[in-house]
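To start, the structure under review is shown below, and the notes come after it.
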Amino acid sequence: MLKGQQFTSEYVIGAFICECSFSPLMVQQLEGGVMFIQNVTPTQQYRLAVDSMIQSVPAHSGEAFFEGLVHSLGQILEVSHVLVGEYNDDFQSVTTRAYWEHGSIRQGFSYELIYSPCRFVFEGKTVICSAQAQELYPEDDYFREHQIQSYIGFPLFDSQNRPAGLIAIMHTRPLLKTEFVLSILKLFASRVEGELERRKALQALQNSEQLYRSIARNIPNGLVIVFDKQFRIQLYEGQMADILPGYQEWIVGKNPFEEEEEFQLEWEFFRPYYEQTLQGKAQSLEYLVKKLGKEVVISMIPLRDEQGQITGGLSLVTDITALKKTQHYLKEHVEALSAKNQQLQEYIQSNLELEKFAYVASHDLRAPLRNISGFAQLLNMRYRDQLDEEAREYITFIVDGVQKMSGFIDDLLDYSRVTSQRDLAFEYLDTRTLVQEVVQHFQTDLSDKKVALQVGQLPEKVWGIKNSLLQVFMNLLDNALKFRRQTGQPKISIVGGSFNGHWQFEVEDNGIGIESHHFERIFSPFKRLHTDETYKGSGIGLAICKHIVQQHGGEISVASSPGLGSRFTFTLAKPQKK
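In the numbering used here, the protein residues as written are 1 to 578.
Put into structure tokens, the structure is as follows:
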């Protein structure tokens, strides 16, 4: 200085770091000097702390960064507790990403905000409590358990300026250098915020990729392939990925068009499709994988980023081998069914013609039968005295034969009429009135034969064609009267009710019964079990019953034993509710 030079130097004076500046004092010549002394202890401490943290905090990211940060803060600030916390999705609690306690990194934990000063940090405030922290927050269990006396909470935000987390500095003694602590926290806050956001984005990406893989893995009989603009396979996942052992591990990360294809799949065939996909074209094709014997359908779409730029493509492969086999099977059966339908149409047409023929023939037969009957009766009236006993017996045979034939024609007309009905007039019918009308029709026979008839419980109404159902009950009751035993009182019962979504009726008698091997036969037209001399009839009544019951969406059956009687059961469908 005495040489006229100015200079600055630092000195340690007691507990302080001082900066001394020396300047010469000149008027006409050097007369002396001036010395300025400034306390730079805080500034130097800050610089030393920053240098130390820069050297000790790892340059890389992730958990190592957070742990290095709390370790450095704990040592440099000489405090007992440091943590970096991230708000959970409920914003009611915090999970520590790194935690320093009394000189070492400890296992992280989660805690509720409700009784902690951290709840004010969540509101975006910097909370400073340099002393008496337990008295200010008496319900904070953490403060009480760890004997915390001072607390500084510094808020952290994401890129959208939303609360993301906090840095908390705590000590078991009062904190005196709060401004110094805050200056250090402010310096590293942006780095911590960036690391928290990077970690959250990475977690979201991992969750998204995991979901993506999970969806792909569980697509039935499928395979998802994701490729980039260089045709490198980024994802090869799905139930079909296991068909070729080892192929999934081999293909991921490779360009299949450039690699030597040791698995001998026909990748080169797909090159134009991959190229067109990367040009923005979505497409689909069916393909036979010869090596695997699989038929697949392949759908390909381009993948774009947020700016709409194509970044790669996605190919969804679905195994349709079973579907193709099913289609082939169905095609064969449809063709067979079509042939059967043609046969059925021909049968229906033939049956219609047969029904028409039966109806016309029965009408045409009536006239000559009437003539024969009339002529025989006229012979009997005019020439009875001139005819011998044998001739009169012949005339009787003629008249009886005509009557039988007439009865047969009537039954044939009834059957033809029932089977040829097309416009079926269904309505709700009062069941008891229906049965009473049938009973009234047979009242004379019932009385003459001293039949014990019991009409039990019946449904209130049924859905059907009145005349047709009358005919069913009449035919069944007529059979019960006809095939009664010669000894004992005849008994007949009629009951009905609702059963398994249908109406069900039973007509039971104690007559002669039927052998089981005849159960199916008796419902066929003109099938009789007895001769005309024993029991008269044409054998068509039960066939008519079966046809009518089927028209009503039901079935008819018989249960019987010889000598013990028979029980005829039939059902009628209930109409579907609209």
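Cβ atoms here follow ideal geometry from the backbone N, Cα and C, with glycine treated the same way.
Note that the structure is predicted; figures quoted are calculated from it, not measured.
Option nearest residue i by Cα separation, candidates the options
{"i": "I114", "options": "V181, E123, Y428, I219", "result": "E123"}
{"i": "G253", "options": "Q234, G246, I128", "result": "Q234"}
{"i": "K482", "options": "Y111, F442, E437", "result": "F442"}
{"i": "S110", "options": "V121, V84, C129, S130", "result": "V84"}
{"i": "I167", "options": "K546, Y247, A452, R119", "result": "R119"}
{"i": "K290", "options": "E515, E266, K186", "result": "E266"}
{"i": "H71", "options": "T95, R304, S104", "result": "S104"}
{"i": "N161", "options": "L136, R173, E197", "result": "E197"}
{"i": "I128", "options": "T96, L175, L337, Q147", "result": "L175"}
{"i": "Q75", "options": "L187, I169, Y142, A164", "result": "I169"}
{"i": "N218", "options": "Y137, N207, M240, D385", "result": "M240"}
{"i": "S130", "options": "Q147, R173, R144, S116", "result": "R173"}
{"i": "F188", "options": "Q92, V94, L69, P302", "result": "L69"}
{"i": "Q230", "options": "E209, A216, L278", "result": "L278"}
{"i": "R213", "options": "L429, Y236, N221", "result": "Y236"}
{"i": "E437", "options": "F270, Y274, L470, F519", "result": "L470"}
{"i": "N221", "options": "F426, R304, E295, K200", "result": "E295"}
{"i": "T178", "options": "A201, S159, L77", "result": "L77"}
{"i": "A322", "options": "Q203, G293, S338", "result": "G293"}
{"i": "Y274", "options": "G308, E306, E555, R232", "result": "R232"}
Proximal residues to residue i (C-beta, below 8 Å), its chain only, five neighbours per side dropped
{"i": "T126", "result": "I152, G153, F154, P155, L182"}
{"i": "Q457", "result": "V495, G496, G497"}
{"i": "P117", "result": "V127, C129, A133, L136, Y137, D140, Y151, G153"}
{"i": "D478", "result": "F442, G541"}
{"i": "Y142", "result": "Y111, S116, I148"}
For residue i, the three-state DSSP class (helix, strand or coil)
{"i": "R97", "result": "strand"}
{"i": "D430", "result": "strand"}
{"i": "Y46", "result": "Model confidence at Y46 stands at a pLDDT of 46, short of 50, so the residue's coordinates are unreliable; what they give is reported in the following sentence. If DSSP states are grouped into helix, strand and coil, Y46 belongs with the helices."}
{"i": "G124", "result": "coil"}
{"i": "T487", "result": "coil"}
{"i": "R213", "result": "helix"}
{"i": "Q147", "result": "coil"}
{"i": "T41", "result": "Low confidence applies to T41: its pLDDT is 46, below 50, so where it sits in the model is not reliable, and the reading given next is rough at best. Reduced to three states, the DSSP call for T41 is helix."}
{"i": "F523", "result": "helix"}
{"i": "V296", "result": "strand"}
{"i": "Y329", "result": "helix"}
{"i": "I398", "result": "helix"}
{"i": "K290", "result": "coil"}
{"i": "L303", "result": "strand"}
{"i": "F269", "result": "helix"}
{"i": "G74", "result": "helix"}
{"i": "K461", "result": "strand"}
{"i": "G541", "result": "helix"}
{"i": "H552", "result": "coil"}
{"i": "E112", "result": "strand"}
{"i": "D89", "result": "coil"}
Contacts around residue i, its chain only, beta-carbon distance under 7 Å, and the 5 residues preceding and following it disregarded
{"i": "K574", "result": "W463, G501, H502, W503"}
{"i": "W185", "result": "Note that residue 185 corresponds to Leu in the displayed sequence, not to Trp. The answer, listed in chain order, is F154, I167."}
{"i": "L288", "result": "E295"}
{"i": "Y46", "result": "Bear in mind that a pLDDT of 46 at Y46, under 50, signals an unreliable position, so the model cannot answer this."}
{"i": "L337", "result": "none"}
{"i": "M474", "result": "V438, H441"}
Neighbourhood of residue i by C-beta, 6 Å cutoff - its chain only, sequence neighbours within 5 removed
{"i": "H102", "result": "S80"}
{"i": "V507", "result": "L476, I494, F568"}
{"i": "I522", "result": "L542"}
{"i": "Y99", "result": "L83, R106, G108"}
{"i": "V472", "result": "C545, I548"}
{"i": "G553", "result": "A573"}
{"i": "S299", "result": "S284, L316"}
{"i": "V121", "result": "V127, G153, P155, L166"}
{"i": "D388", "result": "none"}
{"i": "N380", "result": "I395"}
{"i": "P302", "result": "T277, G280, I310, G313"}
Bridge partner(s) assigned by DSSP for residue i
{"i": "L223", "result": "V317"}
{"i": "T163", "result": "For the sequence presented, residue 163 should be read as Pro rather than Thr. DSSP, once it has assigned bridges, lists F157 as partnering P163."}
{"i": "I105", "result": "W100"}
{"i": "L453", "result": "I492"}
{"i": "R567", "result": "E508, A559"}
{"i": "V252", "result": "Note: V252 sits in no beta bridge, so no partner."}
{"i": "D445", "result": "Beta-bridge pairing links D445 to no other residue."}
{"i": "G582", "result": "One cannot answer for residue 582 here, as it falls past the ends of the chain, which runs 1 to 578."}
Proximity test, Cβ basis, 8 Å: residue i and chain C
{"i": "K125", "result": "In the structure shown, chain C cannot be found, because there is only a single protein chain."}
Residue i: CB within 7 Å of a non-hydrogen atom of the ligand ATP
{"i": "L458", "result": "Questions concerning the ligand ATP fall outside what the structure shown contains, since it holds no ligand whatsoever."}
Practice item. Say whether the segment 191-209 touches the segment 272-288, bearing in mind that this needs 3 or more beta-carbon pairs closer than 8 Å, one atom from each stretch. Key: Output reads no: the segment 272-288 does not touch the segment 191-209.
Check your understanding: Is there contact here, the segment 217-232 with the segment 310-317, by at least three beta-carbon pairs under 8 Å?
Key -> The segment 217-232, when compared against the segment 310-317, does touch it at the 8 Å Cβ threshold.
Exercise for review: Could you tell me whether the segment 547-565 touches the segment 506-519, using the rule of 3 or more Cβ pairs below 8 Å?
Suggested key: They touch, by the three-pair rule.
Exercise for review: Evaluate the contact criterion for the segment 392-402 versus the segment 424-440: three or more CB pairs, one atom per stretch, below 8 Å.
Suggested key: In short, these stretches do not touch, since the Cβ pair count stays below three.
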